[in-house]
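One structure is given below, encoded as structure tokens.
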Amino acid sequence: MTSAFPLLPKAWREMERGKSNSEDGVLAHLERLEAQARELALKQEEKEQQEEKLAGLKARVQELRAQRDELRAKLELQQKRLLEKEGVKTDPEQPSAQAVLEWKIRSTKDLLQLFYLTGISGKLTKRGVCFCISTAYEGTYLRSYYLDVLTKPEVQIQRHSVPTFIPLEQIARRHLQTDIRRFLAVLSDHLNAYAGRRYQADQLQERFSERLEGPLQRNSLCNLLVFHYNVSGDNGSFLFSARLLYSDLCRSLPTEAIVSCTPNAPAELAAMAAAHSETFRRLALHKAFDSFSKAEETQDQALINPPGSPQ
């Protein structure tokens, strides 16, 4: 009868090898979590720096706007004194068209530099002004758009690089003839909101492509986004569908966000879908996915080190 004792060392080695592989898997997972934690810490530091810089720029914009208003008052006073000095008699309630035109040109020339830090700059041309509207989102400068505006014989847009889906003609009908500053401000709001929506969609595709299932669907104005993404749960990965609608074209956050999960998903995922809908309404798209990733990492950490377990 053959003894079974010689087989013991081989069985022992197999057990030790399995134990080692298990420990290596846990250590590798921990190393990945540590790397992700370091990356998140760096991103958080960068975010705080950007927010600090943005706050400084906003404060500077407010200061410049106050200076602009002060200069505007001084210009009006100087214009009045100049007219009195030259003996020009005008009805204060009905100024002449020539006086109004000259005042507009002088005011525009003196305020062009002040507009620069608010994203609007320009230079005088032979027949009017060429304006440049620069767009940005959260401190990141994006694209610039140009308008050639004629001031003689009447204020009108000669040419521009504004996308066709921006309601330029509608904005011009409302404000261009009566208040060119208001016209530029409203147009800037539209362009910056569009640039912000487009930037968020691009960031989602670049940074979270591994979570997306299929292509991100968006229209030219980026005010309707439809996409599908994977969500990790206790029982595996499940597919969520999102539809974001931006009814207010001057906003970069959606006015309506609908998130649904697959019919075979566990009941608790319905609550998660509702929470995701709320997150999309209050956070930028890529920041919302950052928060989802952090929540899943916290869940993974809890599974590795459950409450009450020895550290």
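Counting in my numbering, the sequence shown runs from 3 upward without gaps. For every residue, glycine included, the Cβ atom is placed at its ideal position computed from N, Cα and C. Here the structure is a predicted model, which means the values were calculated and not measured.
Taking all protein chains shown into account, do 16 or more other C-beta atoms lie within 10 angstroms of the C-beta of G238, making it buried, or fewer, making it exposed?
Mapped onto the sequence shown, residue 238 falls at position 236. Exposed.
Hey, would you say A197 sits closer than 8 Å to T257, going by beta carbons?
For the purposes of this step, residue 197 is identified with residue 195 of the sequence shown, where counting begins at 1. For the purposes of this step, residue 257 is identified with residue 255 of the sequence shown, where counting begins at 1. Not a contact, by the Cβ cut-off of 8 Å.
Keeping to the same chain, check which residues put their C-beta closer than 6 Å to that of Q335; ignore five residues upstream and five downstream.
This structure does not reach residue 335, given that the chain is present from 3 up to 313, and the question cannot be answered.
Helix, strand or coil: which one does DSSP assign to G27?
One-based indexing of the sequence shown puts residue 27 at position 25. Helix, per DSSP.
Checking the sheet assignment: what are the DSSP bridge partners for G130?
Residue 130 sits at position 128 when you count from the first residue of the sequence shown. Looking at the DSSP assignment, G130 forms a beta bridge with L152.
Just the C-alpha distance for S146 and A244, rounded to the nearest angstrom, thanks.
Against the sequence shown, residue 146 aligns to sequence position 144. Against the sequence shown, residue 244 aligns to sequence position 242. Near 30 Å, if we compare the C-alpha coordinates of A244 and S146.
Does the Cβ-Cβ distance between F242 and V233 come in under 8 Å?
Taking the sequence shown and counting its residues from 1, one reaches residue 242 at position 240. Taking the sequence shown and counting its residues from 1, one reaches residue 233 at position 231. Taking 8 Å as the Cβ cut-off, F242 and V233 qualify as a contacting pair.
Rounded to a whole number of angstroms, what is the C-alpha to C-alpha distance between L271 and A297?
Mapped onto the sequence shown, residue 271 falls at position 269. Mapped onto the sequence shown, residue 297 falls at position 295. Each residue's Cα considered, the two are about 14 Å apart.
Among F240, A174 and I260, which residue has its Cα nearest to the Cα of T281?
Walking along the sequence shown from the start, residue 281 turns up at place 279. For T281, the nearest C-alpha among the options comes from I260.
Using 10 angstroms around the beta-carbon of G121, count the other beta-carbons present and answer buried if the total reaches 16, otherwise exposed.
Sequence index remark: in the sequence shown, residue 121 carries index 119 (1-based). So G121 ends up on the buried side.
In angstroms with no decimal places, state the Cα-to-Cα distance between C263 and I182.
The residue you call residue 263 lines up with position 261 of the sequence shown. The residue you call residue 182 lines up with position 180 of the sequence shown. About 48 Å.
Relative to the C-alpha of P155, which residue among R129, Y139, I173 and P169 is closest?
Along the sequence shown, one-based indexing puts residue 155 at 153. Of R129, Y139, I173 and P169, the residue nearest in Cα terms is R129.
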